[in-house]
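Q: Numbering of the sequence shown is given in our numbering, commencing with residue 9 and proceeding in unit increments.
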Amino acid sequence: MTASIQWYSNAGAQVNKPLPFQPQANFYRAVAQCVAFAGNEPTYMRSVMAIIPVDANRRLVVTA
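(1) In terms of DSSP beta bridges, what is Pro-48 paired with?
(2) Val-43 by DSSP, collapsed to three states: which one?
(3) Can you tell me whether Val-23 is buried or exposed, with buried defined as 16 or more other CB within 10 angstroms of its CB?
(4) Determine the direct distance from the alpha carbon of Asn-65 to that of Ser-17, and round the result to whole angstroms.
(5) Under a three-way DSSP split, which group does Arg-67 fall into?
Structure representation (structure tokens):
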């Protein structure tokens, strides 16, 4: 299962911004990377999708 990480914003949906780290291919490792970067736990977590808030307006979405 290969993971995909994308930035999302409350203002403009998907944000065209590069990630500040090299994402892992494993879904659960990618989630752990995002948690470490954002400093927040996922607000939504299922076996194929996780949403990790970065700040009030941005979040990282990890999909498998």
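Even glycine gets a Cβ: it sits at the ideal position worked out from N, Cα and C. Keep in mind it's a predicted model, so treat the numbers as computed, not measured.
A: Taking the definition as stated:
(1) Looking at the sequence shown, residue 48 is not Pro but Asn. Asn-48 is not bridged to any residue.
(2) Helix, per DSSP.
(3) Around the beta-carbon of Val-23, fewer than 16 other beta-carbon atoms lie within 10 Å, marking it exposed.
(4) 6 Å
(5) It is a strand residue.
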